[in-house]
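Taken in order, these protein sequences are the chains called G and P. The working numbering numbers the first residue of the first sequence as 134 and each following residue consecutively. The working numbering numbers the first residue of the second sequence as 4 and each following residue consecutively. Glycine is no exception: its CB is placed at the ideal position from the N, C-alpha and C atoms. First comes the structure, then the notes that go with it.
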Amino acid sequence: MNKIALAQRLWPALLVAAMLVALWWWLVRATHSVIFPTPWQVLAAMAELARDGTLWEHIGASLLRVGAGFALAVCFAIPLGLWMGWVQGAYITLNPLFQILRPISPIAWIPIAILWFGVGNASPIFLIFISSMFPMIVQTVAGVHTIERRYLRAAENFGVSRYTLFRQVVIPAVLPQIIVGMRIGLGVAWLVVVAAEMIALHSGLGYLIIDSRNAGNRYDLVIAGMIIIGLIGLSLDGMMRLLEGHRLVRWRYAH
Amino acid sequence: MPTKIVVDRITKSFGSDQGALAVVDDISFAVGDGEVVALVGPSGCGKTTLMNIVAGFEKPDSGSIHIDGAPQLKPSKQGILISQHGSVFPWLNVQQNLMFGLNGHACDDKQGLADHYAALVGLQGFESNYPHELSGGMLKRAELARALVVKPEILYMDEPFSALDALMNLRMRNELLRVLAEERHTVLLITHDVEEAIHLADRVLVLSALPARIKASFEVTMAHPRKLSSRYVQDLRVAILRELGVYNEGE
Ligand SMILES: Nc1ncnc2c1ncn2[C@@H]1O[C@H](COP(=O)(O)OP(=O)(O)OP(=O)(O)O)[C@@H](O)[C@H]1O
Ligand SMILES: [Mg+2]
Numbered sequence: 134m135n136k137i138a139l140a141q142r143l144w145p146a147l148l149v150a151a152m153l154v155a156l157w158w159w160l161v162r163a164t165h166s167v168i169f170p171t172p173w174q175v176l177a178a179m180a181e182l183a184r185d186g187t188l189w190e191h192i193g194a195s196l197l198r199v200g201a202g203f204a205l206a207v208c209f210a211i212p213l214g215l216w217m218g219w220v221q222g223a224y225i226t227l228n229p230l231f232q233i234l235r236p237i238s239p240i241a242w243i244p245i246a247i248l249w250f251g252v253g254n255a256s257p258i259f260l261i262f263i264s265s266m267f268p269m270i271v272q273t274v275a276g277v278h279t280i281e282r283r284y285l286r287a288a289e290n291f292g293v294s295r296y297t298l299f300r301q302v303v304i305p306a307v308l309p310q311i312i313v314g315m316r317i318g319l320g321v322a323w324l325v326v327v328a329a330e331m332i333a334l335h336s337g338l339g340y341l342i343i344d345s346r347n348a349g350n351r352y353d354l355v356i357a358g359m360i361i362i363g364l365i366g367l368s369l370d371g372m373m374r375l376l377e378g379h380r381l382v383r384w385r386y387a388h
Numbered sequence: 004m005p006t007k008i009v010v011d012r013i014t015k016s017f018g019s020d021q022g023a024l025a026v027v028d029d030i031s032f033a034v035g036d037g038e039v040v041a042l043v044g045p046s047g048c049g050k051t052t053l054m055n056i057v058a059g060f061e062k063p064d065s066g067s068i069h070i071d072g073a074p075q076l077k078p079s080k081q082g083i084l085i086s087q088h089g090s091v092f093p094w095l096n097v098q099q100n101l102m103f104g105l106n107g108h109a110c111d112d113k114q115g116l117a118d119h120y121a122a123l124v125g126l127q128g129f130e131s132n133y134p135h136e137l138s139g140g141m142l143k144r145a146e147l148a149r150a151l152v153v154k155p156e157i158l159y160m161d162e163p164f165s166a167l168d169a170l171m172n173l174r175m176r177n178e179l180l181r182v183l184a185e186e187r188h189t190v191l192l193i194t195h196d197v198e199e200a201i202h203l204a205d206r207v208l209v210l211s212a213l214p215a216r217i218k219a220s221f222e223v224t225m226a227h228p229r230k231l232s233s234r235y236v237q238d239l240r241v242a243i244l245r246e247l248g249v250y251n252e253g254e
């Protein structure tokens, strides 16, 4: 995509954002609110956080938790999903259990996380693991179940070993779905880390928000934190989207 | 000519809401070693089902299949099926697809062998292309090459060229004939194109509408290369079309 095309794609979204900011600014002025900050105050708050270094500490803390919990979930969910998708017995045994656990909001796990893991980093990592694992399992299982039979038959016809079957047929066939699952999982992980930090922790972007409110109604910092959370979430999703363009899965999006 | 495939009184029906649908009804035939037998029949008459059973992918309700005298229990490398809808793996490139069947082979130069067969079907220079980067005809040739690489004794071909335009169809037939002249595979070929059947086969079996039965059998005695405009081919074509019930005297 060249620069002009990119600009043409972006300008409607930027226009809407600019209009929202203008509306926000106008509303704060019109209502003479003393607590709700203007866009300019929020920007100043962000600059302040960036300058004294606390912003980077909070971002680092949140990203580290997401990274650890998500990595654990990937290592657990993908092999499990492949197994459940491939072995019918595993599917009928485990699927009902996961279907019951899946609708439980990750927030509901917070008391148990604190009970088991205390108030350190282990609690949010556990919560992220729990919540990002389910979408990845579901997508991986669905991926295995939707492999077209003609491909499995072709593999059967050539009489290849189980190892080759998995390495050259099953895993590449499911990979696009796994990446979709990872995208969803990472999105959920980012939602959950902020919630967990608001309740049980003393660092991270969620903590920044709740602490700013408690310590003297600093709503400029609250909104600055929210905007940063949004922007980082967007970049995380963008990174997962890049995976969708990878050589190994491009076949899926070729038509 | 020794017998390669013996199909003995097989039947098959599929269960549905309206009860059982008989699809294959008491079919018996034999295919000689190196013989090319074409199956023609109306659409939906059970050709694919019959071939899946012969190739070992599905079980008949009754009857048996023997290959070289041994019962056919499951698919093997000995007979490769080229499916109607194509089954070249979209996530592997042409060369990886061709090398797929060679996994576990005690063979030093898999890549060389794959490239040899790619060249044989006119795909040299496209070894590193992915299937979505090939044309429909190239994809069919890749599928054929992938089957040929493992040197199967039998090729089961389910309408291999029917999705191609007339020109490409004719080219692929000639390429197949060239390969068969070199490697002498036994071929069971499904087609709905009577002319294609006469062009390629030593024998044409005409199947009835659902459930499939063998209605008639025609030997094609003409030597290769066959001239399709010849009187012989035209007369045979008319006879087969008449068996299929789609030929009017007025035409
Ligand atoms: N797995 C299945 N379950 C139920 N019915 C089936 C199944 N497979 C095929 N049939 C039915 O069996 C009949 C024959 O199907 P088949 O695919 O063998 O036909 P065909 O002769 O290959 O047709 P075409 O020339 O259109 O490819 C059809 O009526 C089809 O609906
Ligand atoms: Mg068919």
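Does the Cβ of residue i lie closer than 7 angstroms to at least one heavy atom of ligand 2?
i                : result
aspartate 161(P) : yes
lysine 50(P)     : yes
glutamine 141(G) : no
glutamine 232(G) : no
glutamine 87(P)  : yes
Looking at chain G, is there any beta carbon in it that lies within less than 8 angstroms of the beta carbon of residue i?
i                    : result
asparagine 132(P)    : no
phenylalanine 60(P)  : yes
lysine 80(P)         : yes
phenylalanine 103(P) : yes
leucine 53(P)        : no
serine 86(P)         : yes
proline 93(P)        : yes
valine 10(P)         : no
isoleucine 255(P)    : The structure shown does not extend to residue 255(P), since chain P is modelled only from 4 through 254, so no value can be given for it.
serine 90(P)         : yes
Establish whether the CB of residue i and some CB of chain P are separated by less than 8 angstroms.
i                    : result
threonine 273(G)     : no
tryptophan 384(G)    : yes
valine 313(G)        : no
phenylalanine 299(G) : no
glutamate 377(G)     : no
serine 256(G)        : no
glycine 276(G)       : no
valine 293(G)        : yes
alanine 333(G)       : no
arginine 381(G)      : Correcting the residue identity first, residue 381(G) is leucine in this sequence and not arginine. Closer than 8 angstroms to some Cβ of chain P, the Cβ of leucine 381(G) qualifies, so yes.
valine 303(G)        : no
asparagine 290(G)    : yes
Bridge partners of residue i, per DSSP?
i                : result
isoleucine 85(P) : Met160(P)
leucine 1(P)     : Only positions 4 to 254 of chain P appear in this structure, which leaves residue 1(P) out of reach.
arginine 206(P)  : Val40(P), Glu222(P)
valine 34(P)     : Ile8(P)
alanine 215(P)   : Val27(P)
serine 65(P)     : Thr14(P)
Helix, strand or coil: how does DSSP classify residue i here?
i                 : result
leucine 95(P)     : coil
threonine 14(P)   : strand
proline 273(P)    : A question about residue 273(P) goes unanswered here, because the residues of chain P that appear run from 4 up to 254.
lysine 143(P)     : helix
aspartate 29(P)   : strand
alanine 70(P)     : Residue identity differs from the one stated: residue 70(P) is isoleucine in this sequence, not alanine. DSSP places isoleucine 70(P) in strand when its eight states are reduced to three.
serine 19(P)      : strand
valine 207(G)     : helix
isoleucine 360(G) : helix
proline 78(P)     : coil
isoleucine 168(G) : coil
isoleucine 280(G) : coil
Taking 7 angstroms as the cut-off, is the CB of residue i close to at least one heavy atom of ligand 1?
i                   : result
leucine 156(G)      : no
phenylalanine 17(P) : yes
serine 336(G)       : no
serine 211(P)       : no
serine 46(P)        : yes
histidine 292(P)    : This structure leaves residue 292(P) out entirely; chain P is present only between 4 and 254.
Quick check: is any heavy atom of ligand 3 less than 7 angstroms from the C-beta of residue i?
i            : result
valine 26(P) : This structure lacks ligand 3; its bound ligands are ligand 1 and ligand 2.
- [ ] Report yes or no: do three or more beta-carbon pairs, one from the segment 313-325 of chain G and one from the segment 108-123 of chain P, lie closer than 8 angstroms?
- [x] no
Open item on the list: Under 8 angstroms: do the segment 226-233 of chain G and the segment 350-358 of chain G share three or more Cβ pairs, one atom per stretch?
Closed with: no
Open item on the list: For the structure I just gave you, are there three or more beta carbon pairs, one from the segment 182-200 of chain G and one from the segment 256-263 of chain G, closer than 8 angstroms?
Closed with: yes
TODO: Answer yes if the segment 58-74 of chain P comes into contact with the segment 218-227 of chain P, meaning at least three C-beta pairs across the two stretches below 8 angstroms, and no otherwise.
DONE: no
TODO: Taking 8 angstroms as the threshold, find out whether the segment 212-231 of chain G comes into contact with the segment 6-14 of chain P through three or more Cβ pairs.
DONE: no
TODO: Kindly confirm or deny that the segment 184-192 of chain P and the segment 35-54 of chain P touch, where touching means at least three C-beta pairs closer than 8 angstroms.
DONE: yes
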